[in-house]
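Undergrad: Sharing a structure, written as structure tokens. Questions coming.
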């Protein structure tokens with residue numbers, strides 16, 4: 316009664332109230348996730364009401380996002396293994412096949428990601444409805460044999476459980492938390508599905524089914540304490556056991572889908588906000604811009620997940636590793652939400668503080684009971700989070716240093732235009748588009764090309780692409796064109812951090828601003844920097860080497876901006892970090 320009461324109130328307060336009512340309100344123009352929350356509080360450019368807290372919100376938000384990657388490799392592993400372990404109940408001799416079957420299912424799960432959330436959902440949707448209907452039916456049937464379990468709704472049972480069992484109850488709380496994991500993926504997936512469908516799905520289907528099943532398992536244990544070895548599968552009649560194993564395995568694959576989609580969303584946000592290098596991001600829907608597929612992340616997650624299965628070999632062993640990352644992320648989300656409430660939503664202190672104290676006390680209770688399991692496997696998500704955090708912060712800082720070094724090489728544009736006006740530099744026919752990260756000075760690629768070719772095109776477009784702190788932007792309205800003279804133009808294109816820019820499609824829109832460009836007549840000039848670690852002031856040598864390694868592995872600008880390879884010239888330069 317005490318454990319079921321804990322599960323009931325955890326699902327109600329954390330999922331139904333905190334995330335579905337409060338956190339889903341923190342949408343950045345339709346997008347969710349901890350990086351979107353961080354971007355609302357601490358936008359990369361411009362002022363914000365919470366600017367004095369940027370020093371706190373940015374690193375904490377990045378670390379919370381990094382922890383989601385640890386969650387992303389553990390969730391599929393523990394979900395699939397827990398379902399396949401039903402074979403040990405149906406036929407104990409099949410227990411040795413749990414690991415190989417789990418690996419096969421995981422490989423199939425990650426292989427279908429390329430088809431996109433929408434297509435996968437069209438297949439998985441009916442199955443998940445059958446799954447939750449089954450959960451509900453099994454639970455209600457068991458409750459009929461011991462209806463007194465419904466009294467667990469009374470929180471007195473949860474309190475009495477702690478008073479009677481003390482430290483044991485505290486340890487059990489860490490496993491109760493497994494009933495509410497997935498909250499962060501709900502928030503991160505908001506851009507895939509939208510707030511309304513998520514809320515309808517939870518309140519109308521998922522929440523009732525989960526409650527019925529957990530109460531049903533409690534009722535079974537009241538009548539048959541021996542069922543504690545696996546109360547879920549023992550809810551089912553013997554004839555339904557194998558179909559239930561198949562259905563559960565399928566459902567856990569689908570459940571993992573939500574977390575994987577959330578990792579894709581977080582990855583794109585990190586790329587566009589400048590915390591990860593450019594990666595190949597494929598849009599899998601012509602209607603929903605939030606539905607994406609990131610190949611490199613998908614296959615890295617698969618490899619890591621398989622290694623986790625081989626290392627832990629059972630869901631019970633992996634359960635020790637599971638809660639640490641999720642509870643830490645939940646604490647961070649609640650803390651950032653408080654800043655949002657006070658400084659952006661303008662909630663008065665008398666409203667924001669009690670709400671935050673309530674949810675933060677619950678989060679910290681779960682965090683405390685999970686953090687003691689670090690030596691039993693909880694180190695894994697923390698290690699993954701620390702590695703991703705290091706990569707993110709190193710990339711961000713490295714790009715800042717690289718920008719400083721490139722600005723040192725700049726010469727004023729006025730000097731170049733004066734030389735051209737004096738006819739000291741020959742001109743050749745055509746239009747060259749130089750992509751530059753700075754809206755000032757002369758791009759280093761133009762300087763180096765001029766140094767070796769001694770000529771400049773008749774028309775030169777200095778193009779800067781700027782990522783806004785909002786998820787989506789009207790690109791047509793965000794274009795700025797400035798005529799500089801001597802056939803030179805400076806063009807600024809702004810887009811949201813959930814959008815992928817395609818330069819050949821965007822440039823014709825400059826016609827509305829007085830610059831007519833035909834994509835078929837353009838030559839794109841890109842700068843490629845070879846980074847050399849040095850002892851100059853900036854980062855530690857090991858971080859500079861890491862930044863250089865990441866740079867070589869990053870997707871090149873040509874592919875990222877959708878440039879036709881036959882019209883691209885790359886100009887290389889070596890730069891000391």
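In our numbering, the protein residues as written are 316 to 892. Note that CB positions come from ideal geometry on N, CA and C, so glycine has one too. Please read all numbers here as calculations on a predicted model, not as lab measurements.
#1: Residues in the same chain with beta-carbon distance under 8 angstroms from residue 714, minus the five sequence neighbours each way, listed in chain order, please.
#2: Rounded to whole angstroms, what is the Cα-Cα separation between residue 878 and residue 817?
#3: Excluding the 5 residues preceding and the 5 following residue 418 in the sequence, name in chain order all residues of the same chain whose CB lies nearer than 7 angstroms to its CB.
#4: What is the DSSP secondary structure of residue 777, reduced to helix, strand or coil?
#5: Under 8 angstroms by Cβ, that's how I've got residue 535 and residue 550 pegged, so tell me the actual separation to the nearest angstrom.
#6: Would you give the residue range spanned by the beta strand (DSSP E) that residue 838 belongs to?
#7: Near residue 563, which residues of its chain fall below 7 angstroms by C-beta distance, leaving aside the five closest residues on each side in sequence?
#8: With 16 other CB atoms within 10 Å as the buried threshold, where does residue 608 fall?
#9: Does DSSP put residue 553 in a helix, in a strand, or in coil?
#10: Hey, is the segment 527–543 in contact with the segment 562–577, meaning 3+ C-beta pairs nearer than 8 angstroms?
#11: I need the boundaries of the alpha helix (DSSP H) containing residue 887, first residue and last residue.
#12: Can you have a look at residue 407 and say buried or exposed, based on whether 16 or more other CB atoms are within 10 angstroms of its CB?
#13: By the DSSP assignment, the alpha helix (DSSP H) with residue 389 in it spans what residues?
#14: Might you give, ordered along the chain, the residues of its own chain that have their beta carbon closer than 6 angstroms to the beta carbon of residue 747, omitting 5 neighbours on each side?
#15: Below 9 angstroms between beta carbons: does that hold for residue 593 and residue 872?
#16: Using beta-carbon positions only, say whether residue 577 and residue 504 come within less than 9 angstroms of one another.
#17: Is residue 527 near residue 443, with beta carbons less than 9 angstroms apart?
#18: Which class does residue 317 belong to by DSSP, given the choice of helix, strand or coil?
#19: Would you call the segment 663–683 in contact with the segment 819–833, where contact means no fewer than 3 C-beta pairs closer than 8 angstroms?
#20: Can you find a CB in chain C that lies within less than 9 angstroms of the CB of residue 512?
#21: Contact defined as beta carbons within less than 8 angstroms: I believe residue 685 pairs with residue 489. What is the distance between those atoms, to the nearest angstrom?
#22: Confirm, please, whether the CB-CB distance from residue 808 to residue 829 is below 9 angstroms.
#23: Give me the Cα-Cα distance between residue 651 and residue 744, rounded to the nearest whole angstrom.
#24: Cutting at 7 angstroms between CB atoms, please list the residues of its own chain near residue 696, excluding the five before and the five after it.
#25: Going by other Cβ atoms of all chains shown within 10 Å of its Cβ, with 16 needed for buried, is residue 333 buried or exposed?
#26: Let me make sure I understand the geometry here. Which of 426, 380, 815 and 373 has the alpha-carbon closest to that of residue 613?
#27: Applying the 10 Å Cβ sphere with the 16-neighbour rule, what's the burial state of residue 767?
#28: So what does residue 808 bridge to, in DSSP terms?
#29: If you follow the alpha helix (DSSP H) that residue 619 is part of, which residue opens it and which one closes it?
#30: Which one of 456, 560, 319 and 335 has the shortest CA to CA distance from residue 413?
#31: Hey, residue 476 and residue 347: beta-carbon distance below 9 angstroms or not?
#32: Ignore the nearest five residues each way along the sequence and tell me which others in residue 869's own chain have a CB closer than 7 angstroms to its CB.
#33: Residues in its own chain within less than 6 angstroms of residue 445 by CB, not counting five upstream and five downstream?
#34: Is the beta carbon of residue 335 closer than 9 angstroms to that of residue 583?
#35: Is residue 797 helix, strand or coil when you go by DSSP?
#36: Can you tell me whether DSSP reads residue 685 as helix, strand or coil?
TA: Let me lay it out:
#1: Closer than 8 angstroms at the Cβ level, and outside the excluded window around residue 714, lie 589.
#2: Their Cα atoms are separated by approximately 8 angstroms.
#3: Result list for residue 418: 621 and 624, in chain order.
#4: When DSSP states are grouped into helix, strand and coil, residue 777 belongs to the strand group.
#5: Going by Cβ atoms, the distance from residue 535 to residue 550 rounds to 6 angstroms, so yes, they are a contact pair.
#6: First-last of the beta strand (DSSP E) with residue 838: 837–847.
#7: Excluding residues within five positions, the ones whose Cβ falls inside 7 angstroms are 398 and 401.
#8: Around the Cβ of residue 608, a 10 Å sphere holds 16 or more other Cβ atoms; the residue is buried.
#9: Secondary structure of residue 553 (DSSP, three-state): helix.
#10: No contact exists between the segment 527–543 and the segment 562–577.
#11: Element bounds for residue 887: not the alpha helix (DSSP H) but the beta strand (DSSP E), 883–891.
#12: By the neighbour-count criterion, in which 16 or more other beta carbons inside 10 Å mark a residue as buried, residue 407 falls on the exposed side.
#13: Membership of residue 389 in the alpha helix (DSSP H) is indicated by the continuous run 369–399.
#14: Excluding positions up to five away in sequence, the list reads 772, 775, 838 and 840.
#15: In this structure, the beta-carbon distance from residue 593 to residue 872 falls below 9 angstroms.
#16: The answer is yes: Cβ separation under 9 angstroms.
#17: Annotated as distal: residue 527 and residue 443, with beta-carbon spacing of 9 angstroms or more.
#18: Reduced to three states, the DSSP call for residue 317 is helix.
#19: Because the criterion of three Cβ pairs below 8 angstroms is not met, the segment 663–683 and the segment 819–833 do not touch.
#20: No chain C appears in the structure shown, which is made up of a single protein chain.
#21: About 5 angstroms separates the Cβ atoms of residue 685 and residue 489, confirming a contact at the 8 angstroms cut-off.
#22: 9 angstroms or more divides the Cβ of residue 829 from the Cβ of residue 808.
#23: Annotation: residue 651 to residue 744 spans about 54 angstroms, alpha carbon to alpha carbon.
#24: Excluding residues within five positions, the ones whose Cβ falls inside 7 angstroms are 382, 385, 386, 389, 636, 639 and 640.
#25: Classification for residue 333: buried.
#26: Nearest C-alpha to residue 613: 426.
#27: Exposed, because fewer than 16 other Cβ atoms sit within 10 Å of the Cβ of residue 767.
#28: Partner residues in the beta bridge of residue 808, as assigned by DSSP, are 780.
#29: Per DSSP, residue 619 belongs to the alpha helix (DSSP H) from 610–627.
#30: Sorting 456, 560, 319 and 335 by C-alpha distance to the C-alpha of residue 413 places 560 at the top.
#31: Between residue 476 and residue 347, the C-beta gap is not smaller than 9 angstroms, which leaves the two residues out of contact.
#32: These residues qualify, in order along the chain: 592 and 593.
#33: Correct list: empty, nothing qualifies.
#34: At least 9 angstroms separates the beta-carbon of residue 583 from that of residue 335.
#35: Residue state, collapsed to three classes: strand.
#36: Here residue 685 sits in helix by DSSP.
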